[in-house]
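Residue numbers 621 to 984, in the numbering used here, belong to the letters of the sequence shown in order.
Just so you know, even glycine gets a beta-carbon here, dropped at the ideal spot from N, CA and C.
Small disclaimer: the values here were computed from a predicted structure and weren't measured.
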Amino acid sequence: MKNIKYHKFIAVVAVFALSAVFLLLDDEPIYFADGAGDHRSLRTGEENEGEPTDDPTIIDQTSIDETMATSARELEDRLIGAQPETTDDNILAIHEWPAAEMSNIAEGTYSISRLNTTQTNNDNYGRVLLYVTSHMSRQHKMFLKYCWPNILARSALLQKVDVAVYLNPGEGKRKEAMDILNNTFADQNLKVYLRAKAEKQAGAKTAMYEAITSDFFSGYDWVIRLNPDVIIRDDSFLMQSMADPSVLALLINCSRRGTKVHTDFFVIKPDVLSAKAFPLTGENAELSFTRSIQESVLDNGSHRWIPDTSPKSSRCRAGEGRDFYQSPIVHEHYLHPEICSVPKDIDVSSELTDAWPPAWSLPA
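Here it is as structure tokens:
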């Protein structure tokens, strides 16, 4: 028994020793991201600064942890035969829009049609679905009420889209949430997938997983996926690229080193989406999404990076650290006065989570 334990100990030591040798023989330094987004060589301590690169030697410590955890979960799932639960057919059945006097609205799928297919079809890039996911926080309410009417009015792209919202607020907030959506998207065909309350991250993943497995995107040539606090400030690059038949996706890179595709905003052909991109486990959504489109989109260059949107810090937000007028897509928790029309008698400062960003300039 002692000999067995001894041999196991020797084997473990040998593995660590060989790993150390391989690291020392490798000429390329390995970089790890710190909390501020800077990168420092593990061996030399030198900083690696500059523009984002696809250098495979530069890796994110978070990515390593996520990948290891994911591998363990995948192995466990294969061993025990774990399968995701399917969505109840009753919830997927489409119901008429709730009557104004209804106060208790049950889970389900609700639809209201205002335009025909011809009215929502664009000759250059076909039919487009705007897919919004929200747990209807106070912040999301502010953006939907005070910003989105102006966003829709200013965007030639968004004026000819159908709208689908994956909505999962608490039961007491459902009526208000449905009313806000109906008022905001008063000129669009609107479908709401009203589901049980979920945690913020879990709800966002479930929204995409259910959409793909239940064919929410069927019949559409493009899907624009975003949260209510993501603003499309300038849609010219999007429309130009969507008209190019060689383009399958318009993406934002969240990584300052390597590639990590942003999931709070992307524009994509639904045929290239896979349910595996949005696992219901605790895996990081950006990492799994990036891997899922690596071969079909990224490797063959059938995507376009949306210019001036990559964050300038470690926070994965579109336009993070950039001036408001520089980035065509902005994900920030502020109501910019040029986009958002807030009545003078309403104070929304207590509803927003962050202070005004120093990088933003006010309109002249």
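- Sequence-distant partners of K780 (beyond 5 residues in either direction) whose C-beta falls short of 8 Å from its own C-beta, in its chain, are Q739, T740, N741, N742, V748.
- Where Y766 is concerned, there is no enclosing beta strand (DSSP E), although the alpha helix (DSSP H) around it starts and stops at 758-766.
- Counting along the chain, K811 sits inside the beta strand (DSSP E) bounded by residues 810-814.
- Bounds of the beta strand (DSSP E) holding E716 are 714-716.
- Cβ contact annotation for H760 (same chain, cutoff 6 Å, sequence separation greater than five): S754, P848, in chain order.
- Note on the segment 873-951: whole alpha helix (DSSP H) runs with a minimum of 4 residues are 905-912, in chain order.
- Judged by DSSP secondary structure, T804 falls within the alpha helix (DSSP H) whose first and last residues are 794-804.
- Looking at V962, V917, R935, N744, the one whose alpha-carbon comes closest to that of L868 is V917.
- For S856, there is no enclosing beta strand (DSSP E); the enclosing alpha helix (DSSP H) has its first and last residue at 856-862.
- The alpha carbon of R734 has as its nearest neighbour, out of H956, Y766, A806, I926, the alpha carbon of A806.
- DSSP, read as helix, strand or coil, puts T729 in strand.
- Take N744, set aside five residues on each side of it, and the residues of its chain with a beta-carbon closer than 6 Å to its own are A863, in chain order.
- Comparing alpha-carbon positions, the option among Y751, K793, F763 lying closest to E727 turns out to be K793.
- Around the beta carbon of S866, fewer than 16 other beta carbons sit within 10 angstroms, so the residue counts as exposed.
- R924 and L870 do touch by the CB rule: their CB atoms are close to 5 Å apart, below 8 Å.
- For G746, the pairing in a beta bridge is given by DSSP as N742.
- When the alpha-carbon of T729 is set against those of E830, P769, I966, the nearest one is in E830.
- Taking L777 as reference, the option from K880, L858, S947, W768 with the minimal CA-CA separation is L858.
- Rounded to the nearest whole angstrom, the CA to CA distance from I711 to S834 is 11 Å.
- DSSP places A784 inside the beta strand (DSSP E), whose first and last residues are 782-787.
- In terms of Cβ geometry, E906 and T883 form a close pair [threshold 8 Å].
- Each residue's CA atom was taken as its position, placing A897 and L846 some 16 Å apart.
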